[in-house]
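Below is one structure, written out as structure tokens, with a few remarks after it.
There are 2 protein chains.
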Amino acid sequence: MSDNRQIIVRELPSAELSTDHFELRTADRPVPGEGQVAGRTILMSIDAANRAWMAGTTYRDAVQVGDVMPTFAVLEVVESRDSSLKPGDLVAAESVWADYATVPAQRALRVSGTRPLTHELSVCGIAGKTAWHGLVGVGRPQAGETVVVSAAAGSVGMYVGQIARALGCRAVGIAGGPEKCDWVRNELRFDACVDYRDEAWARNLADACPDGIDIYFDNVGGSILETVLFQMNLRGRVVCCGAISQYNTDSPAGPRNVPGLIVVKRLRMEGFIVMDFRHDDRKAVEQLSEWVQNGTVRVFDDVVDGLENAPQALVGLLAGDNRGKRLVRVAPDPPGVPSA
Amino acid sequence: MSDNRQIIVRELPSAELSTDHFELRTADRPVPGEGQVAGRTILMSIDAANRAWMAGTTYRDAVQVGDVMPTFAVLEVVESRDSSLKPGDLVAAESVWADYATVPAQRALRVSGTRPLTHELSVCGIAGKTAWHGLVGVGRPQAGETVVVSAAAGSVGMYVGQIARALGCRAVGIAGGPEKCDWVRNELRFDACVDYRDEAWARNLADACPDGIDIYFDNVGGSILETVLFQMNLRGRVVCCGAISQYNTDSPAGPRNVPGLIVVKRLRMEGFIVMDFRHDDRKAVEQLSEWVQNGTVRVFDDVVDGLENAPQALVGLLAGDNRGKRLVRVAPDPPGVPSA
Chain C
1 MSDNRQIIVR
11 ELPSAELSTD
21 HFELRTADRP
31 VPGEGQVAGR
41 TILMSIDAAN
51 RAWMAGTTYR
61 DAVQVGDVMP
71 TFAVLEVVES
81 RDSSLKPGDL
91 VAAESVWADY
101 ATVPAQRALR
111 VSGTRPLTHE
121 LSVCGIAGKT
131 AWHGLVGVGR
141 PQAGETVVVS
151 AAAGSVGMYV
161 GQIARALGCR
171 AVGIAGGPEK
181 CDWVRNELRF
191 DACVDYRDEA
201 WARNLADACP
211 DGIDIYFDNV
221 GGSILETVLF
231 QMNLRGRVVC
241 CGAISQYNTD
251 SPAGPRNVPG
261 LIVVKRLRME
271 GFIVMDFRHD
281 DRKAVEQLSE
291 WVQNGTVRVF
301 DDVVDGLENA
311 PQALVGLLAG
321 DNRGKRLVRV
331 APDPPGVPSA
Chain P
341 MSDNRQIIVR
351 ELPSAELSTD
361 HFELRTADRP
371 VPGEGQVAGR
381 TILMSIDAAN
391 RAWMAGTTYR
401 DAVQVGDVMP
411 TFAVLEVVES
421 RDSSLKPGDL
431 VAAESVWADY
441 ATVPAQRALR
451 VSGTRPLTHE
461 LSVCGIAGKT
471 AWHGLVGVGR
481 PQAGETVVVS
491 AAAGSVGMYV
501 GQIARALGCR
511 AVGIAGGPEK
521 CDWVRNELRF
531 DACVDYRDEA
541 WARNLADACP
551 DGIDIYFDNV
561 GGSILETVLF
571 QMNLRGRVVC
581 CGAISQYNTD
591 SPAGPRNVPG
601 LIVVKRLRME
611 GFIVMDFRHD
621 DRKAVEQLSE
631 WVQNGTVRVF
641 DDVVDGLENA
651 PQALVGLLAG
661 DNRGKRLVRV
671 APDPPGVPSA
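As you go down the protein sequences, you meet chains C and P in turn. Numbering-wise (my numbering), the first sequence opens with residue 1 and increments by one. Numbering-wise (my numbering), the second sequence opens with residue 341 and increments by one.
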């Protein structure tokens, strides 16, 4: 049946990404090979990292012109050529922007269906795990320390601050625009949130961090990183998670106080990606689930409807129009799965 | 007696330092207060960090106009108002560019006089300890790894590479000019040394590091740091010791691939200063002394004669004209001390 919509990469962006870089086409439903399953896409994760994949080799091969755009997704198995999975099973896996896709069964993670499926791609998915592993595993916070996180209203940042508070730290966000900042303070319950679009934001950050900054969870790089570095305490830690300010440009700029301030303040800047901490995934998800159930951590998902809207969902995310984890819903949940 | 020559800071440099920023004057010999000793200066340590002290507050207060220029020095006690020290004792202490100075006895480190006094300010002084603590304590090398160090012919770099080799690593230097590079290879016995003034230096560095770079001991920052970062292995470590390329300028530039590459390669960049590892100083000095005695580590000191030549010695150091640890000899060794 040629009812399988796919979104392919028509052209690679040299600077700012636009929806013109993508094209919708229709293809046959894919047929699984030995050891593969074919799945119907239910939800797709939209991430700033998708843009980095289009810029060159990262922790994965670069996206090429003509590729169906890759993504992380929740799928319902419709056909299986592996004994470990059967039609009707729900899985999370690396997939593509399409109604139907095949994935190797060995790289598909079974999803229980006892949690809302959106949570599998947000608080209990890569976003929540990234926040937990980066803050706990790399930043190593002590109760009473001050944790600052940029892109605080984003999929990872929103959990970094909530986890920091759960661990007894002061949580201060950085976000764009007064409404987002209000949302971070009021809904995510951070201690403070600073609007980086405000001219006086560096002073506002200092006011929000009266004891200085012990941990900076950096999602953006660039001039925000530079400003925060000046306010770090001796032996502070910078958790390098991403550089969203640098993905969508052809002229990246480094913080001018590196490495000078790193020496003077004896800072540790350390990068990680979520897969480095796979051995601790179960611990992270158990802790996060418990916090969600007892109300310590709140979940807000930003769901865009329709496969055809995925390009705009990504372009908008890079411009910061999301609030919480951005997802694209491609098909309704199967019956029996709890809704969010 | 007004036979005490001092060199004072006449003007603070806004960009490049010159000898015109200093002035020689003559003053009375200083009289020690309670708990102090007066000493005759024998040797002074000339360091790139001296320039950073003139640019603002670092790990010490900024140098001000009118100050006698601070330095680390070896002195012979000539008068004591503290029971722990007596005339004739040799000490290493924070002092000033002068024939005579007073220092608090509690902050003067007794020097045995069984080693050449130059070694107290080089291999067994701050330079050697900085190399040892930075490489061993921050970089944590494993035998078989590749260690790259910039300013490889400088006071710290020359020991970093020699210690790396003593620990079973491949040692690759970065230095300016073919003669310096030859010296690093032939006299310091690094495995390789690359001339950063050569247009093809990035490719030459890659050729010198066939297994990539595991540890980069960074003394310079700037564009050299940027180039090296591209060649780091996954989970590499950048030991941030200094940023000599950034001290002597009014427009510092940060590496454009920070924090992007830190994330992708999961690098750890960590700053330190030698005082952070004081608890391990004895271990460092014992190990270095043993290596010097058995010929594993070679010592080359670059001694400039005459207090009056200290300004030029510092200006020249910042331009890279030294080979090994730069010192200024102010007075001859007392009798009985072994010569280098």
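No residue lacks a Cβ here, since even glycine has one placed at the ideal position from N, Cα and C. Computed from a prediction, not measured in an experiment: that's the story for all the values here.
Are the CB atoms of residue j and residue i within a distance shorter than 8 Å?
{"i": "C:LEU17", "j": "C:LEU314", "result": "yes"}
{"i": "P:ALA346", "j": "P:VAL431", "result": "Sequence check: residue 346 of chain P is Gln here, not Ala. Taking 8 Å as the Cβ cut-off, P:GLN346 and P:VAL431 do not qualify as a contacting pair."}
{"i": "P:THR381", "j": "P:LEU415", "result": "yes"}
{"i": "P:TRP436", "j": "P:GLY379", "result": "Note that residue 436 of chain P is Val in the sequence shown here, rather than Trp. In this structure, P:GLY379 does not lie closer than 8 Å to P:VAL436 by Cβ."}
{"i": "C:VAL337", "j": "C:LEU117", "result": "yes"}
{"i": "P:CYS549", "j": "P:VAL488", "result": "yes"}
{"i": "P:SER385", "j": "P:LEU667", "result": "yes"}
{"i": "P:GLY375", "j": "P:ALA445", "result": "yes"}
{"i": "C:CYS48", "j": "C:LEU261", "result": "Here residue 48 of chain C is Ala; the residue named in the question, Cys, does not match the sequence. Contact: no."}
{"i": "C:ALA175", "j": "C:ALA206", "result": "no"}
{"i": "C:GLY236", "j": "C:LEU267", "result": "yes"}
{"i": "P:LEU475", "j": "P:PHE557", "result": "yes"}
{"i": "P:VAL598", "j": "C:GLY254", "result": "yes"}
{"i": "P:VAL578", "j": "P:MET609", "result": "yes"}
{"i": "C:THR58", "j": "P:VAL670", "result": "no"}
{"i": "C:ASP280", "j": "C:GLY137", "result": "yes"}
{"i": "P:ALA659", "j": "P:HIS459", "result": "no"}
{"i": "P:THR359", "j": "P:GLN652", "result": "yes"}
Once DSSP output is grouped into helix, strand and coil, what is the label at residue i?
{"i": "P:ASN344", "result": "strand"}
{"i": "C:SER289", "result": "helix"}
{"i": "P:MET498", "result": "helix"}
{"i": "C:THR41", "result": "strand"}
{"i": "P:ASN573", "result": "strand"}
{"i": "C:GLU226", "result": "helix"}
{"i": "P:ASP558", "result": "strand"}
{"i": "C:MET275", "result": "helix"}
{"i": "P:ARG450", "result": "strand"}
{"i": "C:THR130", "result": "helix"}
{"i": "P:PRO651", "result": "helix"}
{"i": "P:ASP620", "result": "helix"}
{"i": "C:GLU179", "result": "helix"}
{"i": "P:ALA392", "result": "helix"}
{"i": "P:LEU357", "result": "coil"}
{"i": "P:GLU351", "result": "coil"}
{"i": "P:ARG638", "result": "coil"}
{"i": "P:GLU460", "result": "helix"}
{"i": "P:ILE553", "result": "strand"}
{"i": "P:ARG669", "result": "strand"}
{"i": "C:GLY137", "result": "helix"}
{"i": "C:VAL337", "result": "coil"}
{"i": "P:ILE514", "result": "strand"}
Measuring alpha carbon to alpha carbon, tell me which residue in the options is nearest residue i.
{"i": "C:ALA131", "options": "C:ARG256, C:GLU23 and C:GLY324", "result": "C:GLY324"}
{"i": "P:TRP393", "options": "P:VAL403, P:PRO353, P:GLN627 and P:SER679", "result": "P:VAL403"}
{"i": "C:PRO332", "options": "C:ILE273, C:TRP291, C:LEU307 and C:ASN322", "result": "C:LEU307"}
{"i": "C:ARG107", "options": "C:THR57, C:VAL37, C:CYS181 and C:ARG197", "result": "C:VAL37"}
{"i": "P:ALA483", "options": "P:GLY468, P:GLY508 and P:ALA504", "result": "P:GLY508"}
{"i": "C:ASP99", "options": "C:ALA319, C:SER339, C:ASN322 and C:ASN309", "result": "C:ASN309"}
{"i": "C:PRO13", "options": "C:ASN50, C:GLY271, C:ARG278 and C:ASP82", "result": "C:ASN50"}
{"i": "P:SER495", "options": "P:PRO651, P:ASP641 and P:THR567", "result": "P:ASP641"}
{"i": "P:GLU566", "options": "C:ARG256, C:ASP61 and C:ALA27", "result": "C:ARG256"}
{"i": "P:GLY552", "options": "P:THR359, P:ARG537 and P:GLN571", "result": "P:GLN571"}
{"i": "P:LYS469", "options": "P:ALA624, P:VAL644, P:GLY562 and P:SER490", "result": "P:ALA624"}
{"i": "C:GLU199", "options": "C:GLY177, C:ARG110 and C:THR71", "result": "C:GLY177"}
{"i": "C:GLY390", "options": "C:SER83, C:SER80, C:ASP61 and C:ARG165", "result": "Any property of residue 390 of chain C remains undetermined from this structure, which presents chain C solely from 1 to 340."}
Identify, in the order they occur along the chain, each residue of the same chain with its Cβ nearer than 7 Å to the Cβ of residue i, setting aside the five sequence neighbours on each side.
{"i": "C:LEU188", "result": "MET158, GLY161, GLN162 and ARG298"}
{"i": "P:TRP541", "result": "VAL534 and ASP535"}
{"i": "C:ASP191", "result": "ARG170, ALA171 and VAL172"}
{"i": "P:GLU351", "result": "HIS361 and VAL405"}
{"i": "P:GLU485", "result": "CYS509, ASP554 and ILE555"}
{"i": "C:VAL292", "result": "VAL123 and VAL299"}
{"i": "C:ARG25", "result": "GLN6 and ILE8"}
Whose C-beta lies closer than 8 Å to the C-beta of residue i among residues of the same chain, with five residues either side of it excluded?
{"i": "P:GLY406", "result": "ILE348 and VAL349"}
{"i": "P:VAL443", "result": "GLN376, VAL377, GLY379, LEU415, VAL431, ALA433, GLU434 and SER435"}
Verify the contact flag: residue i, CB atom, against every heavy atom of the ligand PLP, threshold strictly below 7 Å.
{"i": "P:VAL496", "result": "Annotation note on the ligand PLP: not contained in the displayed structure, which lists no ligands."}
Sorted by chain position, which residues of the same chain lie with C-beta nearer than 6 Å to residue i's C-beta, five sequence neighbours on each side aside?
{"i": "P:ALA413", "result": "THR381, MET384 and SER435"}
{"i": "C:ARG29", "result": "MET1, ASN4 and TYR100"}
{"i": "C:ALA27", "result": "ASN4 and GLN6"}
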